[in-house]
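**Q** Questions regarding the structure given below will be posed in turn.
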Amino acid sequence: MTGSHSHATGSPYAPHTEEERAAMLEAVGAEAVEELFDIPEAVEFDGEFGIDARTERETRELVRSLLERNDDLTELLGRGHYGYYVPSLVDHLADRSEFLTSYTQYQPEVSQGFLQALFEYQSLLVELTGLEIANCSMYDAATALGEAATLADRVRSTSGTRVLVPDLLREGRRSTLENYVAGTDLVVEEYPTEDGGVDLAALEDGVDDEVVMIYAENPTIRGTIEERLDEIGDLADDAGALFALGSDPIALSLLERPVDVGADVVVGDASVLGLPTSYGMGLGLFACREDYLRQVPGRLVGASEDATDRRAYTLTLQTREQHIRRERATSNICTNQAWVALRTAMHAATLGPSGMVDLAKRGVRRAEDLAERVDDLVGVEAPVHDRHHLREFVARVDQPARAIAADLEDRGYAVHVVGDHELQICVAGATDEQIDGFVEALSEVVR
């Protein structure tokens, strides 16, 4: 270390001497460092962990006994959390040490394998969306939506501040979006939906020159397919606003390409491939038109050539504030979900194009079949919405929905309660035997 003072008593990371610390405390009017922190006594560390020492075998037994207290339920939950089967090949490849122990791929000379995998992930999203640019992941769908709103604020051709989202938008995504725009002039407003889809007439009435971005989802949170996306895109285009669409790779393999309905940005959760149901952890996808290339948040992997003219991959156009001047940064997002993106790319490659289409079609067919079987039960109407569905649907029950869900849970099945008399049922990842068992259980509890 350099300097006129000795830092022998400090650490390389906080190399201040006692005299320097005392001078700083005096400058802020504090007598001790502890006064700078407001730590509740109940959680303040007193030097003792209060954990009994155990052998490895005892610890394993304790953990096993705790895990056995979890309910062993067949989950038909959905609403953003889908338990598609992940091939064992994905686990075996992704668990290789060069992937698990990898840090951000700042050094391309030692990261070509991982960088190529991320480039393939980006290429997958470009092919599915029809948009020219995709980054190599965001935290999750909610943060991707927040980044789409701030991108729209930067590139908009209108001077407005309104971000329009459907009233069906799940609470977590709406909350994250609100947090993202809190430091801007943007305001988030809802537009109504009807029968599980966008109320286009009401949306048209609400669009004006102050709208910066219109956001829609396909499929919706209730599993319905939005059939008038091109008209939503036209509304956004006429208002000089961006059209952002929320979706996922499985849905995109079957539904209209976002670029063909006028979408400028596509966000969503790509971890429907590569991850089992993870209850919060996800993989945010972000794709957009090439016009917005230098406004894309996060990281992009690019392809180039090395000194020997061989194809080479490297991180490029990193526009976060850690890498460029803060006033020119597009986002302060500090990391991504590279390992999860790797798993998604592996899962997609394992399925192949036809396999992804088959998986999506299976989600449509099985949801339709289950809705018909459920609708045959006395006291149940399914689906509630007279629309096409993908992997999930809402059913109306005559009895209180919470009571039905509780009785189903006693029989080993978990479903969402989405209204006083509405249940949401998802087939993603469920086996035929599990679906048969669910129908039998439901028939018993609605009698």
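The number in this note's numbering is simply the position in the sequence shown, starting from 1, with 116 added. Note that beta-carbon positions come from the ideal geometry of N, C-alpha and C, so glycine has one too.
What does DSSP give as the partner residues of R278 in its beta bridges?
**A** Its beta-bridge partners are V303, V327.
**Q** For F554 versus T190, is the C-beta spacing smaller than 8 Å?
**A** Yes, they are a contact pair.
**Q** Would the beta-carbon of L285 fall within 8 Å of that of H532?
**A** Not in contact: L285 and H532 (Cβ atoms no closer than 8 Å).
**Q** DSSP three-state label for A360, please.
**A** It is a strand residue.
**Q** Tell me whether S291 sits in a helix, a strand or coil according to DSSP, three-state version.
**A** Looking at S291 - three-state DSSP - the assignment turns out to be helix.
**Q** Do V562 and V494 have their beta-carbon atoms positioned less than 8 Å apart in this structure?
**A** Closer than 8 Å, so yes.
**Q** According to DSSP, which residues form a beta bridge with R512?
**A** E497, E538.
**Q** Using only the alpha-carbon positions, how far apart do I341 and V496 sit?
**A** Distance between the alpha carbons of I341 and V496 is about 22 Å.
**Q** Could you give the first and the last residue of the continuous alpha helix (DSSP H) run that contains A464?
**A** 454-491 is the span of the alpha helix (DSSP H), which, as asked, contains A464.
**Q** When you compare each of E525, T133, G299 to D188 by their alpha carbons, which one comes out closest?
**A** Here the closest residue by C-alpha is E525.
**Q** Check each candidate in G163, S204, T217, E287 and name the one with the smallest Cα separation from R195.
**A** Ranking G163, S204, T217, E287 by Cα distance to R195 puts E287 first.
**Q** Do the CB positions of V543 and R338 come within less than 8 Å of each other?
**A** No; because the gap between Cβ atoms is not below 8 Å, this pair is not in contact.
**Q** Roughly how many angstroms separate the alpha carbons of V297 and A454, rounded to a whole number?
**A** Rounded to whole angstroms, V297 to A454 spans 25 Å at the Cα level.
**Q** Taking contact to mean 3 or more Cβ pairs, one atom from each stretch, closer than 8 Å, check whether the segment 377-391 and the segment 346-359 are in contact.
**A** Segments in contact, yes.
**Q** Take G262 and list the residues in its own chain whose beta-carbon comes closer than 6 Å to its own, dropping the five residues that flank it on each side.
**A** If we look at G262 and ignore the five residues flanking it on each side, its Cβ neighbours are T292, L293, Y296.
**Q** Please say whether T277 and L389 have beta carbons closer to each other than 8 Å?
**A** Not closer than 8 Å, so no.
**Q** Quick one: any contact between the segment 419-433 and the segment 221-233, if contact means 3 or more CB pairs under 8 Å?
**A** Cβ pair count under 8 Å is three or more, so yes.
**Q** Per DSSP, what kind of secondary structure is L431 in: helix, strand or coil?
**A** In the structure shown, L431 sits in a strand (DSSP, three-state: E or B).
**Q** Run through the DSSP bridge pairs and tell me what I249 is partnered with.
**A** DSSP lists C404 as partners of I249.
**Q** Measuring alpha carbon to alpha carbon, tell me which of V456, R405, L401 ends up nearest V271.
**A** Answer by Cα proximity: R405.
**Q** Work out the CA separation of L182 and A423 for me, nearest whole Å.
**A** Taking the straight line joining both Cα atoms gives about 56 Å.
**Q** For G312 versus R489, is the C-beta distance shorter than 8 Å?
**A** Taking 8 Å as the Cβ cut-off, G312 and R489 do not qualify as a contacting pair.
**Q** With DSSP as the reference, please indicate the residues paired to V417 in a beta bridge.
**A** BP columns for V417 point to L431.
**Q** Determine the burial state of M462: buried for a count of at least 16 other Cβ atoms within 10 Å of its Cβ, exposed for fewer.
**A** Buried, by the Cβ-count rule.
**Q** When the Cα of L152 is compared with those of D425, H132, R482, M140, which residue comes out closest?
**A** The shortest Cα separation from L152 among D425, H132, R482, M140 belongs to M140.
**Q** How should F165 be labelled, buried or exposed, when 16 other C-beta atoms within 10 angstroms of its C-beta is the threshold for buried?
**A** Its Cβ having fewer than 16 others within 10 Å, F165 is exposed.
**Q** Which residue's Cα is closest to the Cα of V513: H501, H505, L539?
**A** Comparing Cα positions, the closest option is L539.
**Q** Run through the DSSP bridge pairs and tell me what H505 is partnered with.
**A** Partner(s): T340.
**Q** DSSP has E333 in a bridge; who is on the other side?
**A** According to DSSP, E333 bridges with G362.
**Q** Taking the alpha-carbon of S275 as reference, which of V179, A521, V328, H505 has the nearest alpha-carbon?
**A** Comparing Cα-Cα distances from S275 to each of V179, A521, V328, H505, the minimum goes to V328.
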